[in-house]
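These notes are about the structure you will find just below.
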Amino acid sequence: MCRMIPDEKKAIPWGLPPLRSDAAVGRRPAPHHEAAPPAPATPASTSHPHSPGKYEELGIAAPASRGGRAAGLRQRLAVVLAGLLAVSLALAYLRTAHTVCSTTPSDTLATVNWLLQQGLDGGNTVAWDRLAEMTDLYGHRMTGSAAYNRSAAWVVRTAAGQDNLTAYTEPVVVDVWRRGAESLHLLMPTRANGTVQLAVLALGNSASTPAGGITAPVVPVRSFDELASLGSRGVLAGSVVLFNFAYTQYGASVGFRTRGAEEAQKYGALAVLVRSLAPDSSFASVHTGNSRRAAIPAGSVCAADANLLERTYRRAQKSGATRGEGPHVRLVLESEFGADAGRSDNVVVDLQGREQGDGSVVVVSGHFDSWDVGVGALDDGAGAFVAWEAQRLIGLSGRRPRRTVRVVMWSNEETRQRGAHAYLERHRAELPQHFFAIESDIGVFEPWGLTVDASDAWTRRMRGWGRDIVHVLAAGNVTTPEVEGPGEDIRVLCREGVPCAGLLGVNPENAAVPGDALWTEHYFRHHHAASDRVEAVDAHQLRRSAAALAAWTYLIADLP
Numbered sequence: 001m002c003r004m005i006p007d008e009k010k011a012i013p014w015g016l017p018p019l020r021s022d023a024a025v026g027r028r029p030a031p032h033h034e035a036a037p038p039a040p041a042t043p044a045s046t047s048h049p050h051s052p053g054k055y056e057e058l059g060i061a062a063p064a065s066r067g068g069r070a071a072g073l074r075q076r077l078a079v080v081l082a083g084l085l086a087v088s089l090a091l092a093y094l095r096t097a098h099t100v101c102s103t104t105p106s107d108t109l110a111t112v113n114w115l116l117q118q119g120l121d122g123g124n125t126v127a128w129d130r131l132a133e134m135t136d137l138y139g140h141r142m143t144g145s146a147a148y149n150r151s152a153a154w155v156v157r158t159a160a161g162q163d164n165l166t167a168y169t170e171p172v173v174v175d176v177w178r179r180g181a182e183s184l185h186l187l188m189p190t191r192a193n194g195t196v197q198l199a200v201l202a203l204g205n206s207a208s209t210p211a212g213g214i215t216a217p218v219v220p221v222r223s224f225d226e227l228a229s230l231g232s233r234g235v236l237a238g239s240v241v242l243f244n245f246a247y248t249q250y251g252a253s254v255g256f257r258t259r260g261a262e263e264a265q266k267y268g269a270l271a272v273l274v275r276s277l278a279p280d281s282s283f284a285s286v287h288t289g290n291s292r293r294a295a296i297p298a299g300s301v302c303a304a305d306a307n308l309l310e311r312t313y314r315r316a317q318k319s320g321a322t323r324g325e326g327p328h329v330r331l332v333l334e335s336e337f338g339a340d341a342g343r344s345d346n347v348v349v350d351l352q353g354r355e356q357g358d359g360s361v362v363v364v365s366g367h368f369d370s371w372d373v374g375v376g377a378l379d380d381g382a383g384a385f386v387a388w389e390a391q392r393l394i395g396l397s398g399r400r401p402r403r404t405v406r407v408v409m410w411s412n413e414e415t416r417q418r419g420a421h422a423y424l425e426r427h428r429a430e431l432p433q434h435f436f437a438i439e440s441d442i443g444v445f446e447p448w449g450l451t452v453d454a455s456d457a458w459t460r461r462m463r464g465w466g467r468d469i470v471h472v473l474a475a476g477n478v479t480t481p482e483v484e485g486p487g488e489d490i491r492v493l494c495r496e497g498v499p500c501a502g503l504l505g506v507n508p509e510n511a512a513v514p515g516d517a518l519w520t521e522h523y524f525r526h527h528h529a530a531s532d533r534v535e536a537v538d539a540h541q542l543r544r545s546a547a548a549l550a551a552w553t554y555l556i557a558d559l560p
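Oh and the sequence shown: position 149 is 149 in UniProt numbering, straight run, nothing missing.
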């Protein structure tokens, strides 16, 4: 029953050319059913495309010389030998595949095959349409906001009313932080108005500036070591510290955002500004994000403005400016904060399994909350909705898996993961029934596969399924947490011994895959920024990822 369709992203063991990848050739999806790319047709002429609009004659029809005929004979013999080798390799591959397929029930394989085929149905844009509708209606989903609660209620109504699923919420108490007026001006006497207005966003949980704001000199630093060195000499007292680091990867730089204010206040700084955590190509975009609440305010500026502030400072230093004589800024960051002041519930949707003896569940998830810039379509509306769509497809398959498939849309991932911890405590007694957990929170693009945080036996099983079954959508790759973790929210379940996995995709800009240096660049271009709109999510990539996730989920949930 296993279909031996070559994986688009891998070399084919028996030497056939790989299928064309959507990411590589930019295939536009068909309006209805998408078929696999056809085999190249035999050329009708002897011409060869040499450059756009120009063809070069190859002279294939010219009479062959005697030496040419001998060379041709040798070439044909080589082809025959290569063919025999290819057949032997193919048989070896099929024998390996047969091992996995023979241990998977035929009914399971038939259902998984149907689910994978849904990825090719170009007319299915349900997940994207729902994501667009919800974000259009209610906007962002900041925890503690009315928009979050309205969005959650909309999902519950839709899942119950349209999908006939059991949908409900579970309570989560959260801190409430709301941004107010924000402005940043660089005082520049040479400009027409004497100032340069710069874009700024307060970081989450930031304190407010005093009434009237702060006017103070800017001092740039590029590391915490430089911060400590300047701070120990009294250089930072009474200043606005600018963290203008060289961005390489998110994980290497996020510490400046999360604890920059906490560290700078030790040296008498009045506020901090942090260069946005985004690739340099996103130099004019301001990205917000979480920070540890400190006594001083913290804001984010785009890379270009961070560089402007540092250049101005360096010029002043070269001209002999003393402490306090360099560039000054006027900063206003107003906000409100209330600890444990609101509720933003987890959203839970259950598709009951056909065997309910032990109450076993497979969790498929993404976080529901977002920041208050953009609408959180990519981070992580797409992750939550790809889980929902995978569950919907399984429900439509006509054969429910043995175990319940539970979609959890987590609350409060962006700040303190209160939703994950609330779920853990609420369901702690049921942890033995949690058979597996999957999360999507690194963007939804062309499906690539999973990162698996589980036993060696689980990892081997998943690799076998990926190689022989799920590879139909080029989504059968399996890696481990050394390359990418499974997800921030399901981490609490992983630590309790629940086998876990994270859904991973292919960078749509450069076809980079997990483990490549530039794999996450596209995702972080829109991360926590105003550009995180539904246009950042491709409807057809979302559908194909949902079909792949549905296949993975079904294989797990239907295990005997």
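For every residue, glycine included, the Cβ atom is placed at its ideal position computed from N, Cα and C.
Since this is a predicted model, take the numbers as computed values, not measurements.
Item, Value
"Of the residues 447, 454, 445, the one placed nearest residue 436, counting alpha carbons only", "454"
"Other residues of its chain near residue 176: CB distance less than 6 Å, five sequence neighbours each side excluded", "144, 338, 341, 342"
"Contact under 8 Å by Cβ, residue 520 with residue 250", "yes"
"Start-to-end residues for the beta strand (DSSP E) that takes in residue 479", "477-479"
"Cβ-based neighbour list, residue 480, same chain, cut-off 8 Å, excluding 5 preceding and 5 following", "451, 452, 453, 459"
"Whole beta strand (DSSP E) elements within the segment 142-205, 3-residue minimum", "166-170, 173-187, 195-198"
"Local conformation of residue 215 per DSSP, three classes", "strand"
"Span of the beta strand (DSSP E), counted from its first residue to its last, around residue 341", "328-343"
"Three-state class that DSSP yields for residue 436 in the structure shown", "strand"
"Residue ranges of each alpha helix (DSSP H) within the segment 469-512, 4 or longer", "491-495"
"Nearest residue (CA-CA) to residue 137, options 512, 444, 376", "376"
"Three or more C-beta pairs below 8 Å linking the segment 177-196 and the segment 377-395", "no"
"Local Cβ density within 10 Å of residue 240, reported as buried at 16 or more and exposed below that", "buried"
"Span separating the alpha-carbon of residue 493 from that of residue 424", "7 Å"
"Distance between residue 408 and residue 365 (C-alpha atoms, nearest Å)", "5 Å"
"Through-space distance from residue 473 to residue 11, alpha-carbon basis", "Note that residue 11 has pLDDT 35, beneath the 50 cutoff, so the model's placement of it is unreliable and the number below is only indicative. Straight-line Cα distance between these residues: approximately 15 Å."
"Residues bridged to residue 410 [DSSP beta-bridge criterion]", "367"
"Nearest-angstrom Cα separation, counted from residue 508 out to residue 49", "Only weak support is given to the placement of residue 49: the predicted model assigns it a pLDDT of 30, under 50, and the question is left unresolved by the model."
"Proximity test, Cβ basis, 8 Å: residue 241 and chain B", "Any reference to chain B falls outside this structure, which holds one protein chain only."
"8 Å Cβ cutoff met for residue 542 and residue 327", "no"
"Exposure of residue 518, with buried meaning 16 or more beta-carbon neighbours within 10 Å", "exposed"
"Where residue 483 falls, given that 16 or more other Cβ within 10 Å makes a residue buried", "exposed"
"Span of the beta strand (DSSP E) around residue 273", "271-275"
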